Amino acid sequence: MRPATLEEHVPLSRYTTLGTGGPARWFAAPETLDELLALLSWAAAEDMEVAAVGLGSNLLVADEGFPGLALKLKGELAAAQVEGELLVAGGGAPLAVCLHRARAAGLGGLEFACAIPGTAGGAVWMNAGAYGGDLAGVLGRALVASADGAEWLTPAELGLSYRRSRLRHGQVVARAELRLHPRPVEEIKAAVAEMQARRKAAQPTNKRTFGSVFKNPEHELSAGRMLEACGLRGHAIGGAVISPMHANFIENAGEARSADAIALIAEARQRALQQFGVRLEPEVQLLGALAVPPLPDDT
Ligand SMILES: Cc1cc2nc3c(=O)[nH]c(=O)nc-3n(C[C@H](O)[C@H](O)[C@H](O)COP(=O)(O)OP(=O)(O)OC[C@H]3O[C@@H](n4cnc5c(N)ncnc54)[C@H](O)[C@@H]3O)c2cc1C
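Under this note's numbering, the sequence shown has 60 at position 58, and the numbering climbs by one with no breaks.
Okay, here's the thing in structure tokens:
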């Protein structure tokens, strides 16, 4: 039976930080694990693709939309609380809330997350990290739901490595247990303030972006410096522009479409290959009928 909480044709541009993307054919916001499992079973029975959407802070959705079921975790699946030295977070809990709870309880280890505007679930999927910390360093285990049920997986089982995991659409991080350690609140506040100041000085934090476009390559130059050397700062296609402040960011200058961002990504990859012989790998995740055009000799 079709779950009563399903909505149709919900615009996903509301749920991405770039503010682009078409509608999800189906959309639901489960608040409990049982609701989530029922939705996953229904989608499997309908042979429908499923994707969770966190804060959409590293997500590019096709302008035509996503023809499957998009899930936005809410209620207890988006709450966070401290249990001893564990921070137990719903997959939909914003990292800012997780960090707030940890700081209030005098627990350190999650300070790096102050620079990452995503959810706990999105951060597990991406193995998000900054300033020397990442999810793999604090994650004890994650409860992953799929049409087959829910199971706890360790970081090794999740295959966490530089900005990636082995998770696939249809697997939803319902809960994450983060292992933290006692740290004086004033020290946590000072560390967070210092990272936030560094971030504000270097990145377009007040613009609509989806964070880093590319992973940093194994090269003496970061992706941002490489694209800057290619002369791409400020380069625009349609309503999307390579940030004049940091070339590894794409800003929505007003009326951007996801296709504009994809065209910029394709051009940036070509230029980095021509000038540096480097094949930049996108960090941003794609949803719907959207693909980065291959480079010559890509397999
Ligand atoms: C200004 C800015 C700065 C940023 N800085 C950093 C940084 O320093 N370091 C860094 O690592 N990232 C950074 N990011 C990128 C982004 O914040 C992270 O990748 C974050 O982890 C994405 O989380 P999200 O909840 O927004 O996921 P989304 O962007 O919504 O989704 C990303 C992927 O995760 C999947 N997903 C989301 N939630 C779940 C879930 N519950 N279960 C299963 N899959 C899920 C989605 O299907 C998608 O494939 C930045 C982004 C911005 C806009």
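Even for Gly, the Cβ is constructed at its ideal location relative to N, Cα and C. For clarity, every value in this text was computed on a predicted model and none was experimentally measured.
> Which parts of the segment 219-296 are runs of the beta strand (DSSP E), unbroken and 3 residues or longer, counting only runs that do not cross its ends?
Replying inline: 242-244, 252-254, 287-289
> Quick one: is residue 154 buried, meaning 16 or more other Cβ sit within 10 Å of its Cβ, or exposed?
Replying inline: exposed
>> Less than 6 Å between C-beta atoms, sequence neighbours within five positions excluded: which residues of the same chain meet that for residue 71?
In response: 28, 45, 50, 52
> Between the C-alpha atoms of residue 186 and residue 65, what's the straight-line distance to the nearest angstrom?
Replying inline: 46 Å
> residue 215: which of 244, 118, 189 sits nearest, CA to CA?
Replying inline: 244
> With residue 234 and residue 270 assumed to form a contact (beta carbons below 8 Å), what rounded beta-carbon distance in angstroms separates them?
Replying inline: 6 Å
> If you run the structure through DSSP and keep just helix, strand and coil, what is residue 136?
Replying inline: strand
>> Just to check my reading of the structure: residue 1 and residue 87 have Cβ atoms closer than 8 Å, yes? What is that Cβ distance to the nearest angstrom?
In response: Residue coverage of the chain in this structure runs from 3 to 301, which leaves residue 1 outside it and unanswerable.
> Do you know offhand how far residue 171's Cα is from residue 54's?
Replying inline: 7 Å
> In whole angstroms, what is the alpha-carbon distance linking residue 13 and residue 24?
Replying inline: For residue 13 and residue 24, the distance between alpha carbons rounds to 6 Å.
> Sorry if obvious, but does the Cβ on residue 287 come closer than 6 Å to a heavy atom of ligand 1?
Replying inline: Yes, the Cβ of residue 287 comes within 6 Å of a heavy atom of ligand 1.
>> What does the Cβ neighbour count give for residue 17, buried or exposed, with the cut at 16 atoms within 10 Å?
In response: Per the 10 Å Cβ criterion, buried.
> Exposed or buried, what is residue 3 when buried is set at 16 or more other beta-carbons lying within 10 Å of its beta-carbon?
Replying inline: exposed
>> Under 8 Å: do the segment 158-166 and the segment 195-208 share three or more Cβ pairs, one atom per stretch?
In response: no
>> Let me check one thing: in DSSP terms, what residues is residue 212 bridge-paired to?
In response: Assignment of beta-bridge partners to residue 212 by DSSP yields no partner.
>> Assuming contact is defined by CB atoms lying nearer than 7 Å, are residue 90 and residue 103 in contact in what I supplied?
In response: no
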